[in-house]
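In what follows, a structure is listed as structure tokens, so that the remarks can point back to it.
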Amino acid sequence: MLLLVLELVGVTAFAASGALAAVRARLDIFGVCVLGATTALGGGVLRDLLLGITPPTALTDGRYLAAALVTSLLVFRFNPGVARLRRSVLVLDAAGMGLFATGGATTALAAGGSALAACIIGMTTAIGGGVLRDVLLREIPTVLRMEIYALAALAGSVVVVAGTAAGLRPGVASVFGALLATGLRGVALRRGWNAPLAR
Amino acid sequence: MLLLVLELVGVTAFAASGALAAVRARLDIFGVCVLGATTALGGGVLRDLLLGITPPTALTDGRYLAAALVTSLLVFRFNPGVARLRRSVLVLDAAGMGLFATGGATTALAAGGSALAACIIGMTTAIGGGVLRDVLLREIPTVLRMEIYALAALAGSVVVVAGTAAGLRPGVASVFGALLATGLRGVALRRGWNAPLAR
Amino acid sequence: MLLLVLELVGVTAFAASGALAAVRARLDIFGVCVLGATTALGGGVLRDLLLGITPPTALTDGRYLAAALVTSLLVFRFNPGVARLRRSVLVLDAAGMGLFATGGATTALAAGGSALAACIIGMTTAIGGGVLRDVLLREIPTVLRMEIYALAALAGSVVVVAGTAAGLRPGVASVFGALLATGLRGVALRRGWNAPLAR
Numbered sequence: 001m002l003l004l005v006l007e008l009v010g011v012t013a014f015a016a017s018g019a020l021a022a023v024r025a026r027l028d029i030f031g032v033c034v035l036g037a038t039t040a041l042g043g044g045v046l047r048d049l050l051l052g053i054t055p056p057t058a059l060t061d062g063r064y065l066a067a068a069l070v071t072s073l074l075v076f077r078f079n080p081g082v083a084r085l086r087r088s089v090l091v092l093d094a095a096g097m098g099l100f101a102t103g104g105a106t107t108a109l110a111a112g113g114s115a116l117a118a119c120i121i122g123m124t125t126a127i128g129g130g131v132l133r134d135v136l137l138r139e140i141p142t143v144l145r146m147e148i149y150a151l152a153a154l155a156g157s158v159v160v161v162a163g164t165a166a167g168l169r170p171g172v173a174s175v176f177g178a179l180l181a182t183g184l185r186g187v188a189l190r191r192g193w194n195a196p197l198a199r
Numbered sequence: 001m002l003l004l005v006l007e008l009v010g011v012t013a014f015a016a017s018g019a020l021a022a023v024r025a026r027l028d029i030f031g032v033c034v035l036g037a038t039t040a041l042g043g044g045v046l047r048d049l050l051l052g053i054t055p056p057t058a059l060t061d062g063r064y065l066a067a068a069l070v071t072s073l074l075v076f077r078f079n080p081g082v083a084r085l086r087r088s089v090l091v092l093d094a095a096g097m098g099l100f101a102t103g104g105a106t107t108a109l110a111a112g113g114s115a116l117a118a119c120i121i122g123m124t125t126a127i128g129g130g131v132l133r134d135v136l137l138r139e140i141p142t143v144l145r146m147e148i149y150a151l152a153a154l155a156g157s158v159v160v161v162a163g164t165a166a167g168l169r170p171g172v173a174s175v176f177g178a179l180l181a182t183g184l185r186g187v188a189l190r191r192g193w194n195a196p197l198a199r
Numbered sequence: 001m002l003l004l005v006l007e008l009v010g011v012t013a014f015a016a017s018g019a020l021a022a023v024r025a026r027l028d029i030f031g032v033c034v035l036g037a038t039t040a041l042g043g044g045v046l047r048d049l050l051l052g053i054t055p056p057t058a059l060t061d062g063r064y065l066a067a068a069l070v071t072s073l074l075v076f077r078f079n080p081g082v083a084r085l086r087r088s089v090l091v092l093d094a095a096g097m098g099l100f101a102t103g104g105a106t107t108a109l110a111a112g113g114s115a116l117a118a119c120i121i122g123m124t125t126a127i128g129g130g131v132l133r134d135v136l137l138r139e140i141p142t143v144l145r146m147e148i149y150a151l152a153a154l155a156g157s158v159v160v161v162a163g164t165a166a167g168l169r170p171g172v173a174s175v176f177g178a179l180l181a182t183g184l185r186g187v188a189l190r191r192g193w194n195a196p197l198a199r
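Okay, structure coming up:
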């Protein structure tokens with residue numbers, strides 16, 4: 001139950017970031033909803049495709065889609081005001097990223113994936129939605145360019161895989177992983193940390 | 001038999017729109033064929049991946065690919081002339097969209113998908129090819145920006161799902177769904193209807 | 001054993017092309033690794049998704065990912081110098097393209113795909129990584145625009161399918177196919193051959 005609530009918080013944050021970007025790109029109300037839903041659910045759909053879980057959970061459990069659509073419509077309706085919440089969206093997005101990374105890694109392990117596959121699929125679950133959002137809006141994915149995002153997602157996934165291998169219960173390993181990923185991302189945001197660029 | 005003919009009309013229209021866009025973007029003859037085929041078959045491939053139907057039908061039944069390639073080559077060959085047919089392509093494209101949406105929803109229901117999954121997969125089948133076309137040509141997907149396209153596709157899918165649930169035969173529900181989707185799109189085109197933008 | 005070595009050469013060449021492009025686009029070190037790995041492994045992941053092989057081989061056999069990451073880090077570290085190797089990367093990339101095309105077609109036949117599916121999936125395996133690289137960096141895919149690339153990949157796949165149908169052992173057909181694809185691409189590069197554009 002708590003997990004579902006946390007996941008829905010993540011979905012809401014991701015949908016808000018997608019819908020805000022769509023409004024800025026002058027998409028119409030339907031495009032804003034599609035982009036919000038794609039950002040919120042795209043990572044999970046990629047995870048399920050990579051694991052052979054069809055149809056993807058996001059298309060069978062309506063609660064995720066409902067949360068994404070309600071959020072997108074609220075962003076559309078209250079647009080100039082909601083843009084001022086961009087900072088709060090970033091914080092919620094960091095929480096969602098951590099939950100998606102550890103949830104993706106846990107799902108991959110439960111589906112019989114190898115440790116390596118679980119790390120990659122966890123990271124893909126966390127960054128996939130944001131990558132799709134940026135590709136659809138014709139931008140180079142932000143999560144690959146700045147502010148330690150994909151690295152934090154990978155770190156969270158690795159904690160889940162290593163913790164489970166060390167005998168921790170999946171739920172406990174996920175809590176540690178999500179805290180690490182979200183914390184790392186939060187510190188990077190606050191301090192303006194960036195990964196190095198090539199010369 | 002009639003259904004196959006209708007589907008091939010849709011494939012032809014989608015291939016023409018992809019090939020025309022590729023010619024405008026200065027792709028070579030092979031790029032024009034790849035883009036025409038991707039636009040025509042991409043939505044169906046996405047549908048099959050989401051439903052776990054592998055390899056996708058578009059890769060096993062050669063008639064769809066043949067129709068897409070012949071269309072692409074004709075567009076390439078008769079280019080400056082065929083561009084004048086753009087209005088006719090839009091009309092055929094509206095018909096193809098309606099058929100793809102209802103065909104996608106029907107396939108999803110037949111594969112055991114839930115009502116929600118069938119609605120989303122029907123819409124994805126109809127808009128997927130156009131989204132891939134625009135992403136490959138570095139444009140923000142037209143179908144998310146203007147002239148009520150994705151909404152019409154969703155409406156057609158919903159009719160199939162609701163009609164089937166109400167006891168209609170899938171074929172009958174599909175006819176109603178396709179007529180609604182294509183009609184809605186046609187009226188939107190003719191009247192210049194657009195969905196609202198955010199402030 | 002020889003096949004594995006050849007495949008890893010292909011992975012290395014593709015990873016180098018992705019990492020070089022990422023460095024030029026000012027991605028950070030983590031983005032360079034993600035782009036190098038996506039370019040190197042993306043075609044194989046698409047192949048496996050189209051064939052229903054989940055999780056994809058590239059996520060379960062760590063050697064491919066390791067080769068891609070080491071290459072990406074070397075490109076990042078030695079950047080201004082390694083850019084001078086661009087010509088060598090193009091040659092290795094042609095070899096990788098031929099191996100990926102024939103490997104993809106062989107895998108598709110082994111998984112029970114039809115002749116048509118094997119041709120398309122072989123070509124997709126060879127060009128998929130480069131298409132993902134260019135889409136993520138917001139460019140129209142090079143392989144669709146110039147210098148006979150996708151056509152060479154298709155030719156290699158067709159040789160595998162036709163040769164196997166004619167009774168050749170898959171390994172022998174693959175050698176012929178890879179030589180044809182790589183040779184065709186090499187000649188096109190050297191002579192500046194391009195496929196025709198529309199008027």
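Chains as they are written, first to last, in UniProt numbering: chain A, 1 to 199; chain B, 1 to 199; chain C, 1 to 199.
The beta-carbon is built from N, C-alpha and C at its ideal position, and this holds for glycine as well.
Please tell me whether residue i has its Cβ less than 9 Å away from any Cβ of chain B.
i, result
"Gly104(A)", "no"
"Arg138(A)", "yes"
"Arg133(A)", "no"
"Leu184(C)", "no"
"Arg84(A)", "no"
"Gly122(A)", "no"
"Val23(A)", "yes"
"Leu3(A)", "no"
"Ala181(C)", "no"
Return helix, strand or coil for residue i, following the three-state DSSP convention.
i, result
"Leu3(A)", "helix"
"Leu168(B)", "coil"
"Leu137(B)", "coil"
"Leu197(A)", "strand"
"Asp61(B)", "coil"
Contact defined as beta carbons within less than 8 Å: I believe residue i pairs with residue j. What is the distance between those atoms, to the nearest angstrom?
i, j, result
"residue 283(C)", "Val32(C)", "The first residue shown for chain C is 1 and the last is 199, placing residue 283(C) beyond what the model contains."
"Phe14(A)", "Asp93(A)", "7 Å"
"Leu136(C)", "Ile120(A)", "Between Ile120(A) and Leu136(C) the Cβ distance is about 16 Å, and since that is not below 8 Å, they are no contact."
"Thr125(B)", "Ala101(B)", "6 Å"
"Ser157(C)", "Ala118(C)", "7 Å"
"Ala198(C)", "Phe76(B)", "5 Å"
Residue i versus chain C: which residues are under 7 Å apart at the beta carbon?
i, result
"Asn79(B)", "Ala198, Arg199"
"Gly31(B)", "Leu144, Arg145"
"Gly113(A)", "Pro55"
"Val49(A)", "One point to set straight first is that residue 49(A) is Leu, not Val, in the sequence displayed. The answer, in chain order, is Leu49."
Using only CA atoms, which one of the options lies nearest to residue i?
i, options, result
"Arg24(A)", "Arg86(A), Ser114(A), Trp193(A)", "Arg86(A)"
"Ala115(B)", "Pro55(A), Ala83(A), Ala110(A), Leu144(A)", "Pro55(A)"
"Tyr64(C)", "Phe78(C), Asn79(C), Gly36(C)", "Gly36(C)"
"Ala111(A)", "Thr38(A), Leu4(A), Asp48(A), Thr182(A)", "Asp48(A)"
"Thr38(B)", "Leu69(C), Val131(C), Thr102(C)", "Val131(C)"
"Leu3(B)", "Val175(B), Thr182(B), Val187(B)", "Val175(B)"
"Val159(B)", "Arg133(B), Leu51(B), Leu99(B), Val75(B)", "Leu99(B)"
"Thr107(B)", "Leu197(B), Pro196(B), Val11(B), Thr164(B)", "Thr164(B)"
"Pro196(A)", "Val172(A), Arg84(A), Leu151(A)", "Leu151(A)"
"Ala16(C)", "Thr60(C), Arg138(C), Ala68(C), Thr57(C)", "Ala68(C)"
"Leu74(C)", "Leu51(C), Ala95(C), Gly18(C)", "Gly18(C)"
"Pro170(B)", "Gly113(B), Val70(B), Leu51(B), Gly103(B)", "Gly103(B)"
"Gly186(B)", "Val161(B), Arg199(B), Glu147(B), Asp61(B)", "Glu147(B)"
"Gly44(C)", "Gly10(C), Ala166(C), Arg191(C), Arg84(C)", "Gly10(C)"
"Arg138(C)", "Ala173(C), Ala21(C), Gly177(C)", "Ala21(C)"
Determine, using beta carbons only, whether residue i comes closer than 9 Å to chain A.
i, result
"Ala54(C)", "Note that residue 54(C) is Thr in the sequence shown, not Ala. Taking Cβ atoms only, chain A reaches closer than 9 Å to Thr54(C), which makes this a yes."
"Pro170(B)", "no"
"Leu59(C)", "yes"
Starting from residue i, find everything on chain C with Cβ-Cβ shorter than 8 Å and list it in chain order.
i, result
"Arg26(B)", "Arg145, Leu197"
"Pro76(B)", "Residue 76(B) is actually Phe in this sequence, not Pro. The contacting residues are Ala198."
Within 9 Å (strictly less), CB to CB, does residue i reach chain C?
i, result
"Ala117(A)", "yes"
"Leu65(B)", "yes"
"Ala126(A)", "no"
Give me the chain A residues within the contact set of residue i, using Cβ-Cβ distance strictly less than 8 Å, ordered along the chain.
i, result
"Ala150(B)", "Phe30, Gly31, Val34"
Can you name the residues of chain B whose CB is closer than 8 Å to the CB of residue i?
i, result
"Thr71(A)", "Those do not exist, as Thr71(A) stays about 14 Å from chain B at its closest Cβ, beyond 8 Å."
"Leu46(A)", "Correct list: empty, because the minimum Cβ distance to chain B is about 11 Å."
Taking C-beta pairs closer than 7 Å, name the residues in chain B that residue i reaches, listed in chain order.
i, result
"Gly62(A)", "Leu116"
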